[in-house]
Structure formats: structure tokens, C-alpha cells
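**Student:**
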Amino acid sequence: MEKPTAAAADWSKLPSDVLTTVLGALEFPDLFRAAAVCAAWRATARALRRLGIYLRPQTPCLLYTTAAAGPNAAELFSLADKKAYRVRLPDPPIGERNIVGSSHGWLVTADARSELHLLNPTTGEQVALPSVATIEQVSPVFDRDGNLERYDLSRHGDEPQPYGVDELRGVLYLKVVLSGDPALGDCTAVVIHNPYRCLSFARVGDDKWHWIPSAPGEPPRYSDCIFADDGALYAMNLLGGIHCYAIEGSGATCNMIFKDNSPFVAYNGYLSKASSGSVLQIWRVARETTSGEQEERHT
Numbered sequence: 002m003e004k005p006t007a008a009a010a011d012w013s014k015l016p017s018d019v020l021t022t023v024l025g026a027l028e029f030p031d032l033f034r035a036a037a038v039c040a041a042w043r044a045t046a047r048a049l050r051r052l053g054i055y056l057r058p059q060t061p062c063l064l065y066t067t068a069a070a071g072p073n074a075a076e077l078f079s080l081a082d083k084k085a086y087r088v089r090l091p092d093p094p095i096g097e098r099n100i101v102g103s104s105h106g107w108l109v110t111a112d113a114r115s116e117l118h119l120l121n122p123t124t125g126e127q128v129a130l131p132s133v134a135t136i137e138q139v140s141p142v143f144d145r146d147g148n149l150e151r152y153d154l155s156r157h158g159d160e161p162q163p164y165g166v167d168e169l170r171g172v173l174y175l176k177v178v179l180s181g182d183p184a185l186g187d188c189t190a191v192v193i194h195n196p197y198r199c200l201s202f203a204r205v206g207d208d209k210w211h212w213i214p215s216a217p218g219e220p221p222r223y224s225d226c227i228f229a230d231d232g233a234l235y236a237m238n239l240l241g242g243i244h245c246y247a248i249e250g251s252g253a254t255c256n257m258i259f260k261d262n263s264p265f266v267a268y269n270g271y272l273s274k275a276s277s278g279s280v281l282q283i284w285r286v287a288r289e290t291t292s293g294e295q296e297e298r299h300t
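In terms of our numbering, the sequence shown has 169 at position 168, counting the first letter as 1, and numbering is strictly consecutive.
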């Protein structure tokens, strides 16, 4: 007579704290697969995303929108398993936003009213940044009924330029960087914006942007910026000069690290951070060749 086999383990009855720990350690493609196992696992996976506690570092992904996915969903293409996964995201519709930054697993997006939002595509968590109307050079203009009609963008003594509510974002925002993960608190956002590629910053939870005025003379015209591990902000201008900012309260102090070193204005300079924490200046050198009517650029 054969001995009866032990009953198979019922994985759907794992304690919730254990299941949360296990699923929280998975990359997002595996998390999506785990959610298909049973109702209990699906509920835990959704809770991880909804509560913003899914903080595992991820392999880089490509994010894009498609007509098939609709305006409220995006496709995340995983480089780890070379598959695309559809994720539903909160309003405003992701298909109607401009992406102006990506940092610490979060996107910085500008909606159709030119307002900035931080969005985590893997958790669905979203945080609003201060209104565009609080940027120093931006003035909202209302009609007789009190409805927002347009924005005026000032240019240091010149006549303000009018832009439609959805048009301003394409002119104003150049890049946004974050000092850390907004889900962990104490996060500062810095935006390079027009006019003249200047800097403004705001902490998550602030109600306004703080402009960083440049020294007397020509504006610095920044091309890139990055936060170092010690919290300092490094910004590089179009002539290769690098300035280091210490942000304190509603202002910032500046130290020059490198003087301008390029004989011409260059839009192909970048800042990056090495695994050691060092800040690197990177130049992309391109040349153009013409063959008949075809022009090619090589990097």
C-alpha cells in the first residue's frame, strides 16, 4: 500500500507580508507575470504599485505610447526580456504629455496645460510639481470670465511673448532633473528653461518655483545639469563652463568649477555620473558628410 503524498502547498495562502517582500524583489516583467498566478497575488501586485512601495532598481526600459494602447496607457519595453508590457497610467492622459526628464525611475511630464507632473510608470504613482504660473518669467493671462487664456513669457526687458496654454511647454521646458526618488521624500526638482536656458528649482511639496538668477552680464545658457551624490547641483553651459550650486532654502550659491572652454556654442555637451560618484563632462563630436543630395551625420 502506497503512502499518501503530502498535500501540495497552496501558494495563494502565503502570508501577505511574505508575499509583499517576495513580489517587491522582482523586476517589473516578473511582477506582471506573478500577478497572473491567482487573485491573492494579483491584489498584492496591484497594492505594491498603488501604494508606491515598489522601489526595486530596474533594468532600463523604453517607454512609448501607441494608438492601440489609447491615451491613458503606455508600452514599457523591457530590455531584460525584450518584451513590451502595457501599463495604465493616471490622468492627465500620458499620450497627451511631453516627457521632459527621466530620473530615479520617474518621468517628468508636461501636460496639455503646460503643468509638470512626476510619474512613476511602474507603480503608477504621480506627484504634481508647482504650477508653471509660479516660474519667474511666466505670467498667466485670463479672459473676462476668469478662464486661463494664454501665458506670457518675459525675456529680460524685451516685450513678453504670448503662448497658448498647450504651446508654452514646448518653448519653456528644456530638461528637468531630480535629486532623488520622490517616493523616499526630500526630493528637489531643477528645470533648465527659457528664456536663456536658466535654472529654477522646487522641492516636492513646494507651492512655487524658485528662480536662480545669474551673475551680472551674459546669462549662462545651460545645456545640462546633474545632482552629485553629495547633493550639489552641477550645471554645464553651452561653452563648456561648469558651475556648482548649493541649494539652500529658497536660494542657491554658485561656485565656478570650469571656466568656459569651448570656442563656439555647442549643444552636444552633457554631464553624467560615474559609478564611483564622479561627475563627468561628455562631448558628442559629430561631423557631416555630403554625398550627392544626401547628408549624413556621424558621431
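By construction, the Cβ of each residue, glycine as well, lies at the ideal position given by its N, Cα and C atoms.
#1: Just mark Thr124 as buried or exposed, buried being the case when its beta carbon has 16 or more other beta carbons within 10 Å.
#2: Quick check on the DSSP output: the alpha helix (DSSP H) that includes Gly270 runs from which residue to which?
#3: Under 8 Å between the Cβ atoms of Val177 and Val101?
#4: Would a C-beta distance cut-off of 8 Å place Ala204 and Cys188 closer than the cut-off?
#5: Can you say whether Glu249 is buried or exposed, counting buried as having 16 or more other CB atoms within 10 angstroms of its CB?
#6: Excluding sequence positions up to five away, which residues of its chain have a Cβ less than 8 Å from the Cβ of Pro30?
#7: Suppose you measure from the CA of Ala46 to the CA of Thr22; what does that come to, to the nearest Å?
#8: Let me confirm a value: Ala68 is counted as buried when at least 16 other C-beta atoms fall within 10 Å, else exposed. Which label applies?
#9: Can you tell me which of Ala216, Arg288 and Met237 puts its alpha carbon nearest to the alpha carbon of Thr254?
#10: Would you identify the three-state DSSP class for Glu1, choosing helix, strand or coil?
#11: Under DSSP, the beta strand (DSSP E) around Leu117 begins and ends at which residues?
#12: According to DSSP, simplified to helix, strand and coil, what is Ile243?
#13: Can you tell me where the beta strand (DSSP E) holding Arg145 begins and where it ends?
#14: Is the separation between the beta-carbon of Thr135 and that of Trp210 shorter than 8 Å?
#15: Please report the distance separating the alpha-carbon of Ala37 from that of Ser13.
#16: Within 10 Å of its beta-carbon, does Thr149 have 16 or more other beta-carbons around it, so buried, or fewer, so exposed?
#17: For the beta strand (DSSP E) holding Pro301, just list the boundary residues, first then last.
#18: If you reduce the DSSP assignment to three classes, tell me which class Trp12 lands in.
#19: Compute every distance between the C-beta of Pro196 and the non-hydrogen atoms of the ligand SAM, then say whether any falls below 7 Å.
#20: Trp212 to Ser201, Cα distance in whole Å?
#21: Could you check which residue in Arg151, Leu15, Ala247 and Ser104 has the C-alpha nearest to that of Pro58?
#22: Should Leu130 go down as buried or exposed, given a rule of 16 or more other Cβ atoms within 10 Å for buried?
#23: Using a Cβ distance threshold of 8 Å, determine whether the stretch 190 to 199 contacts the stretch 138 to 157, with at least three qualifying pairs required.
#24: Please report the straight-line C-alpha distance between Ala40 and Asp11, rounded to a whole angstrom.
#25: Tell me whether the beta-carbon of His118 lies closer than 8 Å to the beta-carbon of Val128.
#26: Going by DSSP, what residues sit across from Tyr235 in a beta bridge?
#27: Assign Arg156 to buried or exposed, taking buried as 16 or more other Cβ atoms, counted over all protein chains shown, within 10 Å of its Cβ.
#28: Rounded to whole angstroms, what's the CA-CA distance from Gly321 to Phe228? Just pull it up for me.
#29: For the candidate residues Gln282, Gly232 and Leu49, whose alpha-carbon lies nearest to that of Ile258?
**Tutor:** Checking against the coordinates, here is how it stands:
#1: By 1-based counting over the sequence shown, the position of residue 124 is 123. Thr124 should be labelled buried.
#2: Counting from one through the sequence shown, the residue named residue 270 turns up at place 269. Per DSSP, Gly270 belongs to no alpha helix (DSSP H); it is in the beta strand (DSSP E), Gly270 to Lys274.
#3: On the sequence shown, residue 177 is found 176 positions in, with the first residue counted as 1. On the sequence shown, residue 101 is found 100 positions in, with the first residue counted as 1. It is a contact, given that the beta carbons lie within the stated cut-off.
#4: Translated into the one-based positions of the sequence shown, residue 204 becomes position 203. Translated into the one-based positions of the sequence shown, residue 188 becomes position 187. Before going on, a small fix: residue 204 reads as Arg here, not Ala. Result yes, Cβ atoms of Arg204 and Cys188 sit closer than 8 Å.
#5: Locating residue 249 in the sequence shown gives position 248, counting from the first residue. Classification of Glu249: exposed, given that the 10 Å Cβ count is below 16.
#6: Here residue 30 refers to the residue found at position 29 when the sequence shown is read from its first residue. Cβ neighbours of Pro30 beyond the five flanking positions: Ser79, Ala81, Asp82, Lys84 and Tyr86.
#7: Within the sequence shown, residue 46 is the residue found at index 45, counting from 1. Within the sequence shown, residue 22 is the residue found at index 21, counting from 1. Using only the alpha carbons, I get a separation of about 11 Å.
#8: Position 67 of the sequence shown, counted from the first residue, corresponds to residue 68. Exposed, by the Cβ-count rule.
#9: Walking along the sequence shown from the start, residue 254 turns up at place 253. Nearest C-alpha to Thr254: Ala216.
#10: Residue 1 lies beyond the stretch modelled for the chain, which goes from 2 to 300, so this question has no answer here.
#11: Looking up residue 117 in the sequence shown gives position 116. Leu117 to Leu120 is the span of the beta strand (DSSP E), which, as asked, contains Leu117.
#12: Mapped onto the sequence shown, residue 243 falls at position 242. Reduced to three states, the DSSP call for Ile243 is strand.
#13: Within the sequence shown, the letter at position 144 stands for residue 145. It is not in any beta strand (DSSP E) - Arg145 carries neither H nor E in the DSSP assignment.
#14: Position 134 of the sequence shown, counting from 1, holds the residue named residue 135. Position 209 of the sequence shown, counting from 1, holds the residue named residue 210. The answer is yes: Cβ separation under 8 Å.
#15: Along the sequence shown, read from residue 1 onward, the residue named residue 37 stands at position 36. Along the sequence shown, read from residue 1 onward, the residue named residue 13 stands at position 12. Those two C-alpha atoms are separated by around 12 Å.
#16: Start at 1 with the first residue of the sequence shown, and residue 149 comes out as number 148. The question names Thr, yet the displayed sequence has Leu at residue 149. It counts as exposed.
#17: Since the first residue of the chain shown is 2 and the last is 300, residue 301 is not available in this structure.
#18: Start at 1 with the first residue of the sequence shown, and residue 12 comes out as number 11. Residue state, collapsed to three classes: helix.
#19: By its list of ligands, the structure shown contains no ligand whatsoever, and the ligand SAM lies outside what it can speak to.
#20: The residue labelled residue 212 in the question sits at position 211 within the sequence shown. The residue labelled residue 201 in the question sits at position 200 within the sequence shown. One C-alpha to the other measures close to 4 Å.
#21: Numbered from its first residue, the sequence shown carries residue 58 at position 57. Residue Ser104 is the option with its Cα nearest to Pro58.
#22: On the sequence shown, residue 130 is found 129 positions in, with the first residue counted as 1. So Leu130 counts as buried.
#23: yes
#24: Walking along the sequence shown from the start, residue 40 turns up at place 39. Walking along the sequence shown from the start, residue 11 turns up at place 10. Rounded to the nearest angstrom, the two C-alpha atoms are 13 Å apart.
#25: The sequence position of residue 118 within the sequence shown is 117, counting from 1. The sequence position of residue 128 within the sequence shown is 127, counting from 1. Yes, these two residues count as a Cβ contact at 8 Å.
#26: The sequence position of residue 235 within the sequence shown is 234, counting from 1. Tyr235 is bridged to Ile227 and Cys245.
#27: By 1-based counting over the sequence shown, the position of residue 156 is 155. Looking at its Cβ environment, which holds fewer than 16 other Cβ atoms inside 10 Å, Arg156 is exposed.
#28: Here the chain covers residues 2 to 300 and nothing more, so residue 321 does not appear.
#29: The count along the sequence shown starts at 1 and reaches residue 258 at position 257. Considering only alpha carbons, the answer is Gln282.
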